[in-house]
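Trainee: Those sequence lines, one after another, are chains A and B.
1 is the number of the first residue of the first sequence in this note's numbering; add one for each residue after it.
308 is the number of the first residue of the second sequence in this note's numbering; add one for each residue after it.
Glycine is no exception: its CB is placed at the ideal position from the N, C-alpha and C atoms.
Model, not experiment: these values are computed from the prediction.
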Amino acid sequence: MSAVVVQDLVVRYGDTIAVDGVSFEAAFGEVTAVLGPNGAGKTSTIEICEGFRRPSEGTVTVLGLDPFARRSELHREVGVMLQEGGVYPSARVGETVVQYCDLYGRGADAQELVARVGLRDRAMSTWRRLSGGEKQRLLLALALAARPRVAFLDEPTSGVDVNGRDDIREIIRELAAGGTAVVLATHELDEAERLADRVVMFHKGRIVANGRLNTLRAGRSSVKFRSSAELDTEALSRHVGLAVERVQFGVSGEYVIHFTSDDASMSGDLVARVSTWLGSMGLPLHDLAVGQQRLEDLFRELTRGES
Amino acid sequence: MSALRAQLRAEIALVRRNGEQLLVTLGIPLVLLGFFSVVDVLPSDTPEAVDFLVPGILALAIMSTSMVSLGIATGFERSYLVLKRLAATPLGTRRLVAAKTFSVTIVEIVQMVLLVGLGLVLGWSPVAPNWVLVVGAVVLGTLAFAGIGLTLAGTLRGEVNLAATNGLYLVFLLLGGVLFPQDRLPGALQAISDLLPTTALAEVLRDTLMSSGDIGSAWFVLVAWAVLAPLAAVRLFRWN
Numbered sequence: 001m002s003a004v005v006v007q008d009l010v011v012r013y014g015d016t017i018a019v020d021g022v023s024f025e026a027a028f029g030e031v032t033a034v035l036g037p038n039g040a041g042k043t044s045t046i047e048i049c050e051g052f053r054r055p056s057e058g059t060v061t062v063l064g065l066d067p068f069a070r071r072s073e074l075h076r077e078v079g080v081m082l083q084e085g086g087v088y089p090s091a092r093v094g095e096t097v098v099q100y101c102d103l104y105g106r107g108a109d110a111q112e113l114v115a116r117v118g119l120r121d122r123a124m125s126t127w128r129r130l131s132g133g134e135k136q137r138l139l140l141a142l143a144l145a146a147r148p149r150v151a152f153l154d155e156p157t158s159g160v161d162v163n164g165r166d167d168i169r170e171i172i173r174e175l176a177a178g179g180t181a182v183v184l185a186t187h188e189l190d191e192a193e194r195l196a197d198r199v200v201m202f203h204k205g206r207i208v209a210n211g212r213l214n215t216l217r218a219g220r221s222s223v224k225f226r227s228s229a230e231l232d233t234e235a236l237s238r239h240v241g242l243a244v245e246r247v248q249f250g251v252s253g254e255y256v257i258h259f260t261s262d263d264a265s266m267s268g269d270l271v272a273r274v275s276t277w278l279g280s281m282g283l284p285l286h287d288l289a290v291g292q293q294r295l296e297d298l299f300r301e302l303t304r305g306e307s
Numbered sequence: 308m309s310a311l312r313a314q315l316r317a318e319i320a321l322v323r324r325n326g327e328q329l330l331v332t333l334g335i336p337l338v339l340l341g342f343f344s345v346v347d348v349l350p351s352d353t354p355e356a357v358d359f360l361v362p363g364i365l366a367l368a369i370m371s372t373s374m375v376s377l378g379i380a381t382g383f384e385r386s387y388l389v390l391k392r393l394a395a396t397p398l399g400t401r402r403l404v405a406a407k408t409f410s411v412t413i414v415e416i417v418q419m420v421l422l423v424g425l426g427l428v429l430g431w432s433p434v435a436p437n438w439v440l441v442v443g444a445v446v447l448g449t450l451a452f453a454g455i456g457l458t459l460a461g462t463l464r465g466e467v468n469l470a471a472t473n474g475l476y477l478v479f480l481l482l483g484g485v486l487f488p489q490d491r492l493p494g495a496l497q498a499i500s501d502l503l504p505t506t507a508l509a510e511v512l513r514d515t516l517m518s519s520g521d522i523g524s525a526w527f528v529l530v531a532w533a534v535l536a537p538l539a540a541v542r543l544f545r546w547n
């Protein structure tokens, strides 16, 4: 049984359609990343799963239950990390974690949790005195206080420094390894790439990609390099034998050529053609890299042509 | 039960920590009682000002705690998404309301002890008080004012709620028969005053503490507010 099942979900706010007929599932023991830019419909979808509101259309089940109608049962076993806020400014770290451990009553040890999220030295600090990263750590601790079977984490590493991100990722991996279904909402594709087993990619309220990370990236490769900003992408694409839209120009003279093949010989051939052509044009070639397409590139590719 | 205990502990910790709010809740009624009992500048229907003031100030204290403090704190909890986060725990609305009711009751008990103590020091002498009815009036007043406070907190933004609650507090203080008899107000204002929960609570407390015997429809008005205001809160309150 999947921990979370979303079928044909529609969310409307007045005349605005925030989520338009999306379907996906999240399994126990896996991290499912719900991805997309701000305003893509991620938080609306997650909030329906958390039982905060009713779907306009479609059905959602979490642990086999309707999350809105059966929320009092569901909230015993579901951990929630809001995108922001949730703690009174004058509340102290330690006592807030104790409060949530007691609210859930599932045997989580407050002191252990505070230490696990790296806030042992800040246990007596109030919420208002915490940094952005420390606030995220505390919100994560409150989600863990449920000893959840399903955890909905909205932008868990937002505003967190590099070391803090590593800590939070490690906790999320441990959570999933322990059998929890982790649903991670994030606009940071890089974050999903590091953590997710499965990816659900949102764009303008719809899903543009849904599947296991490896499957989504399978057969999608790219060659990246830096060169002159004046490079003629049309001429290059003709030379390498790919459609011009396969060659993208990024920032700082970075170019990406997407191609669909796992064939290593094609990568080698493509690299040879690019370097030959650049040489013949007298253009520089720097930072050449060949590899599997990144989520960021995949997202660009799937949403190309849509403003 | 442990969820209720956990929430009650958190509510009491927050009340303790919001010292400035507690000071206003406890301080303003004590200062008003002390000042206007000693400086006899307000009209009253009793030979000693303190005999008129104690029941009225008790009504004001109940309003301060259950409408102003509770309403403003809850409004900000809503703005800070504290209520939204709590809504995703097994706590539930009933236990949240119970925890808030307990914390309000604790503050009210402290207020009553301090105000009655100061009143007695200033020479207040209750006349055949009916303490059972006093407790009943305090409970009804608490329900009425908490209902008003939570209705505003559950529908308005934090800052708007702050302004609206304080504005209402001022109107109830001026028109509610707290500091001077409401029959001294001009006709139109008196008609409005008759319908206010503060006026009703102050009159009922005067009757039960001082045997004033002149309460008209005050019990009816108080019961109506105690029923309708919480119903409005339940119907209109939004967690986020």
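Can the beta-carbon of Ala143 (chain A) be found less than 7 Å from the beta-carbon of Val80 (chain A)?
Mentor: Numbered from its first residue, the first sequence carries residue 143 (chain A) at position 143. Numbered from its first residue, the first sequence carries residue 80 (chain A) at position 80. A contact, by the Cβ cut-off of 7 Å.
Trainee: Taking only beta carbons into account, state which residues of the segment 26-38 of chain A come closer than 8 Å to chain B, listed in chain order.
Mentor: Listed by position, the residues of the segment 26-38 of chain A near chain B (Cβ gap below 8 Å) amount to none.
Trainee: Could you check where the alpha helix (DSSP H) with Glu301 (chain A) kicks off and where it finishes?
Mentor: For the purposes of this step, residue 301 (chain A) is taken as residue 301 along the first sequence, with counting starting at 1. Where Glu301 (chain A) is concerned, the enclosing alpha helix (DSSP H) stretches over Leu295 to Thr303.
Trainee: Could you check whether the Cβ of Thr506 (chain B) sits closer than 7 Å to any Cβ belonging to chain A?
Mentor: Translated into the one-based positions of the second sequence, residue 506 (chain B) becomes position 199. So, not an interface residue.
Trainee: When you compare each of B:Val375, B:Gly461 and B:Leu512 to Gly363 (chain B) by their alpha carbons, which one comes out closest?
Mentor: Your numbering for residue 363 (chain B) matches position 56 in the second sequence. Taking only the C-alpha atoms, the option nearest Gly363 (chain B) is B:Leu512.
Trainee: Determine whether the Cβ of Glu88 (chain A) lies closer than 7 Å to any Cβ atom of chain B.
Mentor: For the purposes of this step, residue 88 (chain A) is taken as the residue at position 88 of the first sequence. Per the sequence presented here, residue 88 (chain A) reads as Tyr, with Glu not at that position. For Tyr88 (chain A), the answer is yes, since a Cβ of chain B falls inside 7 Å of its Cβ.
Trainee: When you check each C-beta in the segment 101-116 of chain A against every C-beta of chain B, which residues fall closer than 7 Å?
Mentor: Within the segment 101-116 of chain A, the residues whose Cβ lies closer than 7 Å to some Cβ of chain B are Asp102, Leu103, Tyr104 and Gly105, listed in chain order.
Trainee: Taking Asn210 (chain A) as part of the beta strand (DSSP E), name the residues at either end of that continuous run.
Mentor: As a working mapping, residue 210 (chain A) is identified with position 210 in the first sequence. It spans Arg206 to Arg212 - the beta strand (DSSP E) in which Asn210 (chain A) sits, taken as one unbroken run.
Trainee: CB Phe225 (chain A) to CB Leu285 (chain A), shorter than 7 Å?
Mentor: As a first step, residue 225 (chain A) must be located in the first sequence, where it is residue number 225. As a first step, residue 285 (chain A) must be located in the first sequence, where it is residue number 285. Yes, the Cβ-Cβ distance between Phe225 (chain A) and Leu285 (chain A) is below 7 Å.
Trainee: Which same chain residues, not among the five before or five after Val441 (chain B), have their C-beta less than 7 Å away from its C-beta?
Mentor: As a working mapping, residue 441 (chain B) is identified with position 134 in the second sequence. Only Leu512, Thr515 and Leu516 meet the Cβ criterion.
Trainee: Going along the chain, which residues of its own chain have a beta-carbon closer than 7 Å to the beta-carbon of Ser307 (chain A), five neighbours each way excluded?
Mentor: Within the first sequence, the letter at position 307 stands for residue 307 (chain A). Residue confidence is low: Ser307 (chain A) scores 48 on pLDDT, short of 50, so the model does not pin down where it sits. Its coordinate-derived value is still stated next. Taken in chain order, the list of residues that qualify is empty.
Trainee: Smallest Cα separation from Phe487 (chain B): which of B:Val361, B:Ala460 and B:Arg464?
Mentor: Counted from its first residue, the second sequence places residue 487 (chain B) at position 180. Residue B:Val361 is the option with its Cα nearest to Phe487 (chain B).
Trainee: What is the residue span of the beta strand (DSSP E) that Asp167 (chain A) lies within?
Mentor: Taking the first residue of the first sequence as 1, we reach residue 167 (chain A) at position 167. Element bounds for Asp167 (chain A): not the beta strand (DSSP E) but the alpha helix (DSSP H), Val162 to Ala177.
Trainee: For Ser72 (chain A), go through chain B and note every residue whose CB falls closer than 8 Å to its CB, in chain order.
Mentor: In the first sequence, counting from the first residue as 1, residue 72 (chain A) sits at position 72. Pro397 and Gly399, listed in chain order.
Trainee: Which of the three DSSP states, helix, strand or coil, is assigned to His75 (chain A)?
Mentor: As a first step, residue 75 (chain A) must be located in the first sequence, where it is residue number 75. Three-state DSSP puts His75 (chain A) in coil, outside helix and strand.
Trainee: Quick one: Cα of Lys42 (chain A) to Cα of Ile413 (chain B), how far?
Mentor: Mapped onto the first sequence, residue 42 (chain A) falls at position 42. Mapped onto the second sequence, residue 413 (chain B) falls at position 106. So the two alpha carbons sit approximately 43 Å from each other.
Trainee: Need the endpoints of the alpha helix (DSSP H) that Leu450 (chain B) sits in, please.
Mentor: Here the question's residue 450 (chain B) lines up with position 143 in the second sequence. Segment Trp438 to Ala460, the alpha helix (DSSP H) holding Leu450 (chain B).
Trainee: Between B:Gly443, B:Arg392, B:Asn437 and B:Thr449, which has its C-alpha nearest Asp52 (chain A)'s C-alpha?
Mentor: Residue 52 (chain A) sits at position 52 when you count from the first residue of the first sequence. The sequence shown places Phe at residue 52 (chain A), rather than the Asp named in the question. Checked all of B:Gly443, B:Arg392, B:Asn437 and B:Thr449; the closest Cα to Phe52 (chain A) is B:Arg392.
Trainee: Output yes or no for whether 7 Å exceeds the beta carbon distance between Thr157 (chain A) and Ile171 (chain A).
Mentor: Here residue 157 (chain A) is taken as the residue at index 157 of the first sequence, counted from 1. Here residue 171 (chain A) is taken as the residue at index 171 of the first sequence, counted from 1. Not a contact, by the Cβ cut-off of 7 Å.
Trainee: Would the segment 229-242 of chain A count as touching the segment 59-67 of chain A if we require 3 or more Cβ pairs under 8 Å?
Mentor: As far as the Cβ criterion goes, the segment 229-242 of chain A does not touch the segment 59-67 of chain A, which means the pair count is below three.
Trainee: Can you give the beta carbon distance from Asp269 (chain A) to Glu30 (chain A), rounded, assuming they're within the 8 Å contact cut?
Mentor: Taking the first residue of the first sequence as position 1, residue 269 (chain A) is located at position 269. Taking the first residue of the first sequence as position 1, residue 30 (chain A) is located at position 30. With a Cβ gap of about 37 Å, Asp269 (chain A) and Glu30 (chain A) do not count as contacting.
Trainee: Excluding the 5 residues flanking Leu403 (chain B) on each side, which residues of the same chain have their C-beta closer than 7 Å to its C-beta?
Mentor: For the purposes of this step, residue 403 (chain B) is taken as residue 96 along the second sequence, with counting starting at 1. Closer than 7 Å at the Cβ level, and outside the excluded window around Leu403 (chain B), lie Gln314 and Leu393.
Trainee: Quick one: which chain B residues come within Cβ less than 9 Å of Glu95 (chain A)?
Mentor: Sequence index remark: in the first sequence, residue 95 (chain A) carries index 95 (1-based). Within chain B, the residues near Glu95 (chain A) are Arg316, Ala317 and Ala320.
Trainee: Gly133 (chain A) and Gly164 (chain A): beta carbons closer than 7 Å?
Mentor: Along the first sequence, one-based indexing puts residue 133 (chain A) at 133. Along the first sequence, one-based indexing puts residue 164 (chain A) at 164. Contact flag set, yes.
Trainee: Apart from the five residues just before and just after Val247 (chain A), which ones in its own chain have a Cβ nearer than 7 Å to its Cβ?
Mentor: Translated into positions along the first sequence, residue 247 (chain A) becomes position 247. Excluding positions up to five away in sequence, the list reads Thr233, Leu236, Ser237, Tyr255 and Ile257.
Trainee: How about Ala406 (chain B): is its C-beta nearer than 7 Å to some C-beta of chain A?
Mentor: The residue labelled residue 406 (chain B) in the question sits at position 99 within the second sequence. False, the Cβ-Cβ gap to chain A never drops below 7 Å.
Trainee: Whole-angstrom Cβ separation of Val19 (chain A) and Val5 (chain A), contact assumed at under 8 Å?
Mentor: Here residue 19 (chain A) refers to the residue found at position 19 of the first sequence. Here residue 5 (chain A) refers to the residue found at position 5 of the first sequence. Contact flag wrong, Cβ pair sits at about 15 Å.
Trainee: When the Cα atoms are used, what is the spatial distance from Ala310 (chain B) to Arg464 (chain B)?
Mentor: As a working mapping, residue 310 (chain B) is identified with position 3 in the second sequence. As a working mapping, residue 464 (chain B) is identified with position 157 in the second sequence. Roughly 28 Å separates the two Cα atoms.
Trainee: I'd like to know whether the C-beta atoms of Ala185 (chain A) and Ile46 (chain A) end up nearer to each other than 7 Å.
Mentor: Counting from 1 along the first sequence, the entry for residue 185 (chain A) is found at position 185. Counting from 1 along the first sequence, the entry for residue 46 (chain A) is found at position 46. Their beta carbons are under 7 Å apart, which means Ala185 (chain A) touches Ile46 (chain A) by this criterion.
Trainee: One question on the structure: do Ser373 (chain B) and Val331 (chain B) come within less than 7 Å of each other, judged by their Cβ atoms?
Mentor: For the purposes of this step, residue 373 (chain B) is taken as the residue at position 66 of the second sequence. For the purposes of this step, residue 331 (chain B) is taken as the residue at position 24 of the second sequence. Going by C-beta atoms, Ser373 (chain B) is not nearer than 7 Å to Val331 (chain B).
Trainee: Would you please verify whether the beta carbon of Arg76 (chain A) is less than 7 Å from any beta carbon of chain B?
Mentor: Stepping through the first sequence from its first residue, residue 76 (chain A) is reached at position 76. With 7 Å as the cut-off, Arg76 (chain A) counts as an interface residue toward chain B.
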